[in-house]
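Trainee: With mature numbering (1 follows the signal peptide of the UniProt record, and there is no 0) applied, the sequence shown covers -25 to -1, 1 to 532. Just so it is clear, CB atoms sit at the ideal spot from N, CA and C, and this is done for glycine as well. From a predicted model like this one, the values you see are computed outputs, not experimental measurements.
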Amino acid sequence: MSHLNNKLLDIALVFLVYFATHSHSEVLSTRSRWIVDAKSGQRVKLACVNWPGHLHAMIPEGLQKKPVKDIAASVASMGFNCVRLTWATYMFTKDSSVNLTAAQSLDRWNLTAAKAGVAANNPQLLDLDIVDVQKAVIDELGAQNLMVVLDNHVSLPKWCCDNDDGNGFFGDKYFDPKEWVQGLTMVAKRYKGNPTLKEAFHLHVAKGLVTKLGAPVVAMSLRNELRGPRQNENDWYQYIQEGATAIHGESPDLLVIVSGLIFDTNLSFLRNRPMASNFNKKLVYEAHWYPFNDPPAKWLHQTNEFCANTTSWFMSQSGFLLSGKNPVPLFLSEFGKDQSDAKEDQNRYFSCLLAYLAETDIDWSLWTLQGSYMLREGQIDQEETFGMLDFSWDHLRNPTVREMLKFTQKMNQDPQSKHPTSYVMYHPQSGRCVEAGNENLTATGSQNCSRWRYSKHGNRIKLLGTSGCLTAVGDGLPAVVSNHCSSQKSKWRIVSSSKLHVTAKDDQGRDLCLELNSSNPTLVTKKCLCLGDDLKDAPSCEENPQRQWFKFVPTRA
């Protein structure tokens, strides 16, 4: 056995030397509206989750709850391919912070229980400087082949974000532009040349396998949620240009992610004045989309109309960057909902947003991973109900949310594909796609999606590779694929202001909408919810129409 071990160790060393010099490192670039591999030109889709490391202690949340290796593995197991890891400028620029160990930082905030938790779960991190803790966390993410986006969230470490917290805009109390550029430069230098590739490999003696570990920091975002009374476009152009140039000058492999104004909700000024740069193929823009300012009654009683309105608002403020003469990549770097399902208005917002994510196949990052905080806004060990993980970091908080995200984690549009565009029927409320079986149409998951031929100007929905068309049978009955394509029951329209209801007439001339059966995953046709006889939105509706929401998602994967 020792002879076998020595032989395998020799093999491992050969692989180590090879991968250290020849390993693929995710150097990314942009092409039109897509993020791509800089060498091959193949699209790389970011499907990320946020992991905060910018709060008071300046170390990533959860290290007091679970081993970092386990947290990184849980991120990968949830289907994410990257982490948006947040950090604070003062971690790198203030003498009072840069040499702090994790233990000293926790002591400074009297986080005795958190310190004991880190000692129990991650003893190797406790005496590291906080910047080395960040590096160790990134290394573990790399070991799971997860990409990392480093997000400068605040200057002064604390919870974000308020209009008057001193962290909001250039020149605020804690937001010195020169210090900010200094911090960006230091971080870009620290991760220059993808140093997060770990020169280490798992040696599986039993199977004789050597598995590469590691994936690089691929991007840095300039600043989270610019805001407050000082914000203005002229300063935005000046300082964003300075920050972007600093990152690119220090580490030209990195993507530079550019945030807008008003809490990352407004990039509309770019229509008239594009950002000048000589490294455009490294620029990505970011936006946030939350329901916090939405009147709950609008979501609860005017779901169709309000989904249409909020989607239109997002397109006018940020989403327009994905189209037009000179499209650029847009990264939806924060969105999310209360995963306790305590707020129905947020559930409806989430389904509406997923329809947009699916249709555009946009890059995104969910808020958030953590089930709790060491210290947030004066409260120790505070729970985070938006988190994918529960309070103890042991389990998924809400497995339904995990299922809802699966379809949008996939790359559905490949700009290099030779295949013509076809469509997938997607049900955003469940996150499932429609599969045409031998008997019924079902929505059971996100993988076995049937492809359809569909024209927004036509009325036939044909199953790809067959002569069959989607057909309504009757009220409350399963929809089928039939060869009666000339029947009125096979003539479909997209209706309601949300453009998410799909309707056809039965033999009696009644308008019936596709619906996902509440008791099983079969598609049926029923009377349209929250629509009048004219198939326009009802002024107010107590029912939730989202079980009748379907989006035809273009795909060329």
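Excluding the five sequence neighbours on either side, which residues of its own chain have a C-beta within less than 6 angstroms of the C-beta of Ser321, listed in chain order?
Mentor: Before going further, note that residue 321 is Gln rather than Ser in the sequence given. So the qualifying residues of the chain are Pro266, Lys312 and Asp313.
Trainee: Taking only the alpha-carbon atoms, compute the straight-line gap between Ser442 and Ser7 and give it to the nearest angstrom.
Mentor: Going by the C-alpha atoms only, they are around 36 angstroms apart.
Trainee: When DSSP builds the beta bridges, which residues end up paired with Cys57?
Mentor: Beta-bridge analysis with DSSP links Cys57 to Cys23 and Met122.
Trainee: Going along the chain, which unbroken runs of the beta strand (DSSP E) with 3 or more residues stay wholly within the region 266 to 327?
Mentor: Fully enclosed beta strand (DSSP E) runs of no fewer than 3 residues occupy 305 to 309 of the region 266 to 327, in order along the chain.
Trainee: Just list the residues that DSSP pairs Lys437 with in beta bridges.
Mentor: Arg428 and Cys444
Trainee: Please report the distance separating the alpha-carbon of Arg351 from that of Cys136.
Mentor: 12 angstroms
Trainee: How long is the line joining the alpha carbons of Lys318 and Ala13, rounded to whole angstroms?
Mentor: Between the alpha carbons of Lys318 and Ala13 lies a distance of about 42 angstroms.
Trainee: Just the Cα atoms here: how many angstroms apart are Phe289 and Asp82?
Mentor: 43 angstroms
Trainee: List the endpoints of the continuous alpha helix (DSSP H) containing Arg83.
Mentor: Here the alpha helix (DSSP H) through Arg83 covers Ala77 to Arg83.
Trainee: What whole-angstrom Cβ distance do Trp339 and Leu21 have, given they're in contact under 8 angstroms?
Mentor: 7 angstroms
Trainee: Please list, in chain order, all residues of the same chain as Cys444 whose beta carbon is under 8 angstroms from its beta carbon, the five residues on each side excluded.
Mentor: Arg435, Ile436, Lys437, Leu438, Val456, Ser457, Asn458, His459, Cys460 and Ser465
Trainee: Helix, strand or coil: which one does DSSP assign to Tyr214?
Mentor: Correct three-state label for Tyr214: helix.
Trainee: Using the Cα positions of Thr396 and Asn25, report the straight-line distance between them to the nearest angstrom.
Mentor: 32 angstroms
Trainee: Is it buried or exposed, Gly189, if we count other Cβ atoms within 10 angstroms and call 16 or more buried?
Mentor: Summary for Gly189: the model assigns pLDDT 43, below 50, so the residue's position carries little reliability; its value from the coordinates is reported in the next sentence. By the 10 Å Cβ count, Gly189 comes out buried.
Trainee: To the nearest angstrom, report how far apart Val376 and Ile469 are at their CA atoms.
Mentor: Rounded to the nearest angstrom, the two C-alpha atoms are 27 angstroms apart.
Trainee: Less than 8 angstroms separating the beta-carbons of Glu334 and Gly346?
Mentor: No; because the gap between Cβ atoms is not below 8 angstroms, this pair is not in contact.
Trainee: Straight-line CA distance for residue 541 to Phe244?
Mentor: This structure cannot speak to residue 541, because the chain is shown only from -25 to 532.
Trainee: Considering only the alpha carbon of each residue, which of Val192, Ala262 and Ala63 lies closest to Gln119?
Mentor: Val192
Trainee: So Leu504 packs on Glu517, CB below 8 angstroms; how close in whole Å?
Mentor: Leu504 to Glu517, Cβ: 10 angstroms. No contact.
Trainee: Locate the beta strand (DSSP E) running through Ala91, then write down its first and last residues.
Mentor: Segment Thr87 to Asn96 is the alpha helix (DSSP H) holding Ala91; no beta strand (DSSP E) there.
Trainee: Tell me whether Phe238 sits in a helix, a strand or coil according to DSSP, three-state version.
Mentor: coil
Trainee: How about Trp9: is its C-beta nearer than 8 angstroms to some C-beta of chain B?
Mentor: This model lacks chain B altogether; it includes just one protein chain.
Trainee: Pair every Cβ in the region 24 to 38 with every Cβ in the region 279 to 297, then say whether three or more of these pairs are closer than 8 angstroms.
Mentor: Result no; under three Cβ-Cβ pairs closer than 8 angstroms.
Trainee: So what does Asp486 bridge to, in DSSP terms?
Mentor: Lys480
Trainee: Classify Glu309: buried if its beta carbon has 16 or more other beta carbons within 10 angstroms, exposed otherwise.
Mentor: buried
Trainee: Given this structure, state the Cα-to-Cα distance separating residue 538 from Lys480, to the nearest angstrom.
Mentor: In the structure as shown, the chain starts at -25 and stops at 532, and residue 538 therefore has no counterpart that could be examined.
Trainee: Ends of the beta strand (DSSP E) at Thr68?
Mentor: Where Thr68 is concerned, there is no enclosing beta strand (DSSP E), although the alpha helix (DSSP H) it sits in stretches over Tyr65 to Thr68.
Trainee: Sort Tyr348, Arg522 and Ser405 by Cα distance to Ala88 and report the nearest one.
Mentor: Tyr348
Trainee: Thinking just about the alpha-carbon of each residue, which of Ala330, Gln483 and Ala95 is nearest to the one in Ser473?
Mentor: Ala330
Trainee: Less than 8 angstroms between the CB atoms is what I'm expecting for Leu307 and Trp264, so what's the real figure, rounded?
Mentor: 6 angstroms
Trainee: Within the continuous alpha helix (DSSP H) that includes Ser49, where are the two ends?
Mentor: Val43 to Ser52
Trainee: If we ignore side chains and look at the alpha-carbon of each, how far apart do Thr61 and Leu125 end up?
Mentor: 6 angstroms
Trainee: Quick check on the DSSP output: the alpha helix (DSSP H) that includes Trp155 runs from which residue to which?
Mentor: Pro152 to Arg165
Trainee: I need the DSSP call for Thr375, collapsed to helix, strand or coil.
Mentor: The answer is helix: DSSP assigns Thr375 an H, G or I state.
Trainee: Is it buried or exposed, Gln109, if we count other Cβ atoms within 10 angstroms and call 16 or more buried?
Mentor: buried
Trainee: Grouping DSSP H, G and I as helix and E and B as strand, with all else coil, what is Val332?
Mentor: Reading the sequence as shown, one finds Leu at residue 332 and not Val. Leu332: helix per DSSP, three-state reduction.
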